[in-house]
Amino acid sequence: MPDKMCLTIMSGSIDRLTGAAVLVSAAVSMDMEVEIFLQLWGLHAFKKDVIQKNMNLSEFNELGEQVAKRLQELKLPMWYELLKQAKELGKVKIYACSLAARIWDVKKEDLEMVDEIIGAGEWIEKMREAKINLFI
Amino acid sequence: MSMTPEELKKLKVDKVVDARGTSCPGPLLAAKRAISSVPVGGIMEVLSSDPGTKRDLPLWAKKMGHEFLGVIEEPGYWRIFIRRKK
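Protein sequence lines correspond, in order, to chains A and B. For the first sequence, the positions run 1 to 136 when this note's numbering is used. For the second sequence, the positions run 1001 to 1086 when this note's numbering is used.
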C-alpha cells in the first residue's frame, strides 16, 4: 500500500481549506504522497477568478477577522500558498471532479493548480489505495 | 534515549534552521527542505517557537530514517537536534 493521503474537498470555505492545506503540508514533509479531489464548492474555490478573492467562512463568521489577524501575526501563508509550496516540495496531485467541472463549466485552464479532471470511479480507486482518507 | 541539554550544547552543528518566524507546519517544511544540505552523519539544529514542533520533529526524523538527538528548551522557543542518517 503506497504511503498516500487522499483528501476529498467539498468545502470552498477558507477556514476548511486552510486546515486541509496544513495537513497536506505536514504529509508532504513526512514524505507522503497526497492526492486531492475537488467537488462542488471546493472546485469553485480553485477557480482562477475566485481563488484570491474568496473570504468565505464555514462557521463563527463573527470571529473571522480575529482569526485572519492572528494567522497573519503567526505568518501562516494563505491556504493556496501552502498548497503551492507543498506541490513544489513533494508529490501532490490535484484532481477536479468531472461533475463539478461541468456544473461550473470550467476547463483545467480555468483552475489553479489542478492537474486533471477525473470521474468519481477513478477517485474511489485512488482512495482505496490510500492509508489516510479525509472528507473536508 | 535523547541527549541531555549539556550534551546537546557540546555538539558540532552543521546547519542551523531558524524557523521561529513560522507556525506549524512551517518548521516541519523547513526541516524537510534543509536536511538535504546537511552531510550524512551531520547534525541539523531546528529553532522553533511553535509548541507542536518538539513533538513533530522526532516523529519526522523516525519516519525519514534520521536520528532525533534531543531538545533544549529556551525562553519562547525550542532547539531540536537531528542527525542525518542517509
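Note that CB positions come from ideal geometry on N, CA and C, so glycine has one too. Just so you know, these numbers come straight off a predicted model, no measurement behind them.
Separation of residue j from residue i, as counted between CA atoms
i                 : j                 : result
Ser1049 (chain B) : Ile1082 (chain B) : 17 Å
Cys1024 (chain B) : Ala27 (chain A)   : 12 Å
Thr8 (chain A)    : Glu59 (chain A)   : 19 Å
Glu109 (chain A)  : Phe46 (chain A)   : 11 Å
Leu43 (chain A)   : Arg1020 (chain B) : 34 Å
Ser13 (chain A)   : Lys1012 (chain B) : 46 Å
Met1064 (chain B) : Lys1086 (chain B) : 9 Å
Val67 (chain A)   : Asp15 (chain A)   : 9 Å
Lys126 (chain A)  : Ile36 (chain A)   : 10 Å
Glu1073 (chain B) : Arg1079 (chain B) : 6 Å
Leu1029 (chain B) : Pro1005 (chain B) : 25 Å
Leu38 (chain A)   : Gly1076 (chain B) : 39 Å
Met32 (chain A)   : Lys87 (chain A)   : 12 Å
Gly90 (chain A)   : Ala96 (chain A)   : 19 Å
Met30 (chain A)   : Met1003 (chain B) : 23 Å
Proximity test, Cβ basis, 8 Å: residue i and chain A
i                 : result
Thr1022 (chain B) : yes
Met1044 (chain B) : no
Leu1029 (chain B) : yes
Trp1078 (chain B) : no
Pro1025 (chain B) : yes
Arg1033 (chain B) : yes
Met1001 (chain B) : no
Lys1009 (chain B) : no
Lys1063 (chain B) : yes
Backbone secondary structure at residue i - three-state DSSP
i                 : result
Thr968 (chain B)  : Chain B is shown from 1001 up to 1086; residue 968 (chain B) falls before or after that span and cannot be answered.
Asp1018 (chain B) : strand
Val1038 (chain B) : coil
Ala130 (chain A)  : coil
Min CB distance residue i to chain B below 8 Å
i                : result
Gln72 (chain A)  : no
Ala26 (chain A)  : yes
Lys91 (chain A)  : no
Asp105 (chain A) : no
Lys47 (chain A)  : no
Asp31 (chain A)  : yes
Leu63 (chain A)  : no
Val34 (chain A)  : no
Val114 (chain A) : no
Val22 (chain A)  : yes
Lys69 (chain A)  : no
Gln85 (chain A)  : yes
Distance CB(residue i)-CB(residue j) smaller than 8 Å
i                 : j                 : result
Asp1018 (chain B) : Met1044 (chain B) : no
Val1071 (chain B) : Leu1047 (chain B) : no
Ile94 (chain A)   : Met113 (chain A)  : yes
Ala1031 (chain B) : Leu1059 (chain B) : no
Lys131 (chain A)  : Met5 (chain A)    : yes
Glu129 (chain A)  : Pro2 (chain A)    : yes
Gly1052 (chain B) : Arg1084 (chain B) : no
> Taking three-plus beta-carbon pairs below 8 Å as touching, is the region 54–72 of chain A in contact with the region 95–110 of chain A?
Replying inline: no
> So, do the region 75–88 of chain A and the region 17–27 of chain A have three or more beta carbon pairs nearer to each other than 8 Å?
Replying inline: yes
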